[in-house]
Amino acid sequence: MKKIYLNVSLLIVAVAMVNTMWAQRVRPLAAGPFITTLETAPSNNNLPNSSGSSNDRAFGDVIWSQDFGTTVTGGIPTTWTQTGANPVWKKTFEGSSGQYSSKTQTLNSSTKANGVLIFDGDSVCTKNGANVALNGAVISEQINLTGKPNVKLQFQQYFRLCCNTGTTTITVSVSKDGGTTWTDFNARGVIALNNYPTNPNTFEVNISSATMSSNNVKVKFAFSSETGVYFWQIDDVKIIEGPSHDIRLEQPNVDMGYEEGGYYTQIPAAQLAPMGFRAAVLNDGGLTQTKVRLKVDVSKGSSIYNKTSVPTTITAGARDTLKLLVTSAADKLNLSPVAASIGTYTTTFTFMADSVDQNPSNNVFTKTFAVSDTMYARDFGVTTGSTVGTLGPNNYVNGKEDGAVIASLYEFTKATKIKTASAYITAGSSVGSSFEFVLYDTSLTTEVAVSNIYTVTTTADRDKWVTMKFQTGDYSVAAGSSYYIGMRCYGLSATPVLAISTLNDLSKIDVQRANGSTVFYLPKASP
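Position one of the sequence shown corresponds to residue 24 (this note's numbering), numbered consecutively onward.
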């Protein structure tokens with residue numbers, strides 16, 4: 024098996040005084056083909072009713088839980104049931120073992136040592152043939168929530184989905200009448216198709232309006248995909264006492280140049296553009312929250328930018344996106360394109376409201392970027408031993424063919440010249456694998472520059488940076504232009520032969536663009 028493993032931060036394109044670094048997995052294109060407790064004992068189902076006094080209930084108290092510890096490997100809990108055309112949910116100690124996932128890492132849940140539950144579409148769909156639609160659900164036993172008016176469902180998960188948001192879903196549902204009717208919740212959240220969330224990804228949702236203090240509650244996890252590929256792993260499922268006041272920061276954004284521009288973790292000083300800030304928020308408490316504000320602080324040793332959004336009201340269970348009020352260019356963060364701007368900047372997003380938040384840990388998020396004289400990047404680079412996963416053309420449906428491309432979008436605010444491209448080839452790369460760097464315009468149909476082909480001929484050709492010029496020399500780019508910079512890979516047709524390694528901190532830059540993408544898979548036929 025021929026494999027090339029490329030670290031996540033790793034496609035670097037040198038421009039005049041600027042190196043462009045490609046970080047691989049941020050979000051796929053929206054269009055196109057690429058694009059804690061032991062297993063519940065029976066007595067836990069009949070918990071004593073609450074007295075109704077708020078003093079008897081504390082946020083986070085576990086009412087019911089399931090960690091699959093006593094579940095037989097390859098099965099489901101004995102009190103649970105399966106439904107749907109493909110009842111293939113099972114307990115596992117490994118990740119997906121299918122043709123696209125290649126034993127993807129196991130969900131890193133709190134109790135992963137005693138196994139997790141998985142719907143492994145990859146292991147079910149036909150290899151080297153037409154993919155088929157799959158759907159299957161697993162349903163819990165009856166749960167008694169009498170006297171529990173404010174509750175949350177919480178579990179840890181890890182997943183990857185393809186290929187259409189309208190027909191590919193992972194859904195957690197709650198029933199208050201034993202399964203006759205269901206209230207559905209989207210477990211995918213803001214994670215794009217073909218992407219991975221953090222590992223673990225903790226899903227929480229207030230289910231009070233769906234359970235209504237019923238003594239006949241059930242929970243269902245349903246996987247559905249028109250192509251039948253990829254997977255969903257879950258573990259440590261709990262129903263806990265919910266908070267009255269809980270504002271949750273879901274998705275922070277640093278907009279570089281324009282809304283949804285960037286996000287680059289390293290920027291050449293010459294390519295700087297004004298930056299704006301916004302963040303998605305969820306009121307995950309049981310009560311309406313008033314005077315909800317987003318505060319953004321940017322520091323470089325000390326604070327250099329600090330602004331707060333206009334207060335707003337968010338009802339229980341509702342979402343909103345808060346932006347800093349921008350009435351002029353001066354309201355954005357403007358870093359002068361000079362040597363003095365070079366350095367590392369930390370952006371801290373904080374949500375505030377009138378009420379004291381009972382779960383403040385999800386109110387704050389930080390994002391870091393650096394200004395450099397030479398580096399344009401979507402990641403900070405690689406250190407030995409930091410890789411934890413892989414991604415490549417072979418990880419996409421119909422991606423196993425020579426000439427498949429993994430690429431990333433870069434936008435140039437100033438004119439410059441692209442001189443070289445570089446990538447880090449890890450020690451796991453197989454002798455005989457090969458690739459070339461390729462540059463496309465934004466049509467994705469016009470190839471404007473290509474390098475020579477690099478082949479891992481011996482073991483000495485891997486576990487190193489590889490830098491190559493384009494065959495036609497330096498490539499001039501105009502101010503305001505954009506280009507896709509990628510790697511065209513060879514040796515993919517027979518087996519999964521190329522992958523891009525992922526870094527431990529990749530989740531911090533995982534979701535940046537709501538409508539577009541910074542990474543996509545381009546099939547061989549286009550162009």
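Here a beta-carbon is modelled for each residue, glycine too, at the ideal position from N, C-alpha and C.
All values reported here derive from a predicted model rather than from experimental measurement.
- Beta-bridge annotation (DSSP): ASN239 is not paired with any residue.
- For secondary structure counted as the beta strand (DSSP E) over 3 or more consecutive residues, the stretch 322 to 389 holds these complete runs in sequence order: 325 to 331, 335 to 337, 342 to 346 and 366 to 375.
- LYS314 places its beta carbon less than 9 Å from that of ASP377.
- Across the set LEU356, LEU295, PHE460 and GLY496, the C-alpha of LEU295 shows the shortest separation from the C-alpha of ALA438.
- One alpha carbon belongs to GLY202, the other to PHE246, and they sit about 17 Å apart.
- The shortest C-alpha to C-alpha distance from THR96 to any of ILE86, LYS113 and GLN89 is the one to LYS113.
- A Cβ-Cβ distance of about 5 Å is found for the pair LYS318 and THR373, placing them in contact under the 8 Å criterion.
- The C-alpha of GLY83 lies about 27 Å from the C-alpha of THR204.
- The continuous alpha helix (DSSP H) containing VAL147 extends over residues 144 to 147.
- Per DSSP, the continuous alpha helix (DSSP H) segment holding THR234 begins and ends at 231 to 234.
- Counting only unbroken stretches of 4 or more residues, the alpha helix (DSSP H) elements lying wholly within the stretch 204 to 289 are 231 to 234, in sequence order.
- By the criterion of a C-beta distance shorter than 6 Å, LEU184 is surrounded in its chain by THR191, LEU216 and TYR253, once the five residues flanking it on both sides are discounted.
- Under the Cβ criterion (8 Å, minimum of three pairs), the stretch 440 to 447 counts as touching the stretch 492 to 503.
- The secondary-structure analysis by DSSP pairs ASN306 across a beta bridge with ILE270.
- Separation of the CB atoms of THR234 and ALA210 is rounded to 17 Å, and the pair is thereby denied contact status at 8 Å.
- Bounds of the beta strand (DSSP E) holding GLY509 are 504 to 513.
- By the beta-carbon neighbour count (other beta carbons within 10 angstroms, threshold 16), PHE116 is exposed.
- In this structure, the alpha-carbon of ILE214 lies about 13 Å from that of TRP255.
- Contact between the stretch 357 to 367 and the stretch 291 to 306 is present: three or more C-beta pairs spanning the two stretches fall below 8 Å.
- DSSP, read as helix, strand or coil, puts GLN105 in strand.
- Per DSSP, GLU470 is one residue of the beta strand (DSSP E) stretching across 470 to 473.
- Judged by DSSP in its simplified three-state form, ASN187 adopts coil rather than helix or strand.
- Bounds of the beta strand (DSSP E) holding TRP488 are 487 to 492.
- The C-beta distance from VAL304 to ILE230 rounds to 19 Å, too long to fall under 8 Å, and the pair is not in contact.
- Within the DSSP bridge table, the entry for VAL319 names LYS330 and PHE372 as partners.
- Assignment of GLN294 by DSSP, reduced to helix, strand and coil, places it in the helix class.
- According to DSSP, ARG301 shares a beta bridge with ASN276 and LYS346.
- Inclusion of ILE290 and ALA400 in the CB contact set at 9 Å is warranted, their separation being smaller than that value.
- Beta-bridge partners assigned by DSSP to GLY159: PHE246.
- Residue burial annotation: LEU348 is exposed, with fewer than 16 other C-beta atoms found within 10 angstroms of its C-beta.
- Apart from sequence neighbours up to five positions away, the residues of its chain that approach GLU249 with a beta-carbon distance below 7 Å are ALA156, ASN187, THR190 and THR191, ordered along the chain.
- Under the three-state reduction of DSSP output, LYS135 falls in the helix class.
- Between the alpha carbons of ALA292 and GLY509 lies a gap of roughly 23 Å.
- In the structure shown, ALA483 falls within a helical segment according to DSSP collapsed to helix, strand and coil.
- When secondary structure is reduced to three states using DSSP, TYR477 falls in the strand class.
- About 22 Å separates the beta carbons of GLY121 and THR94, which is beyond the 8 Å limit, so they are not a contact pair.
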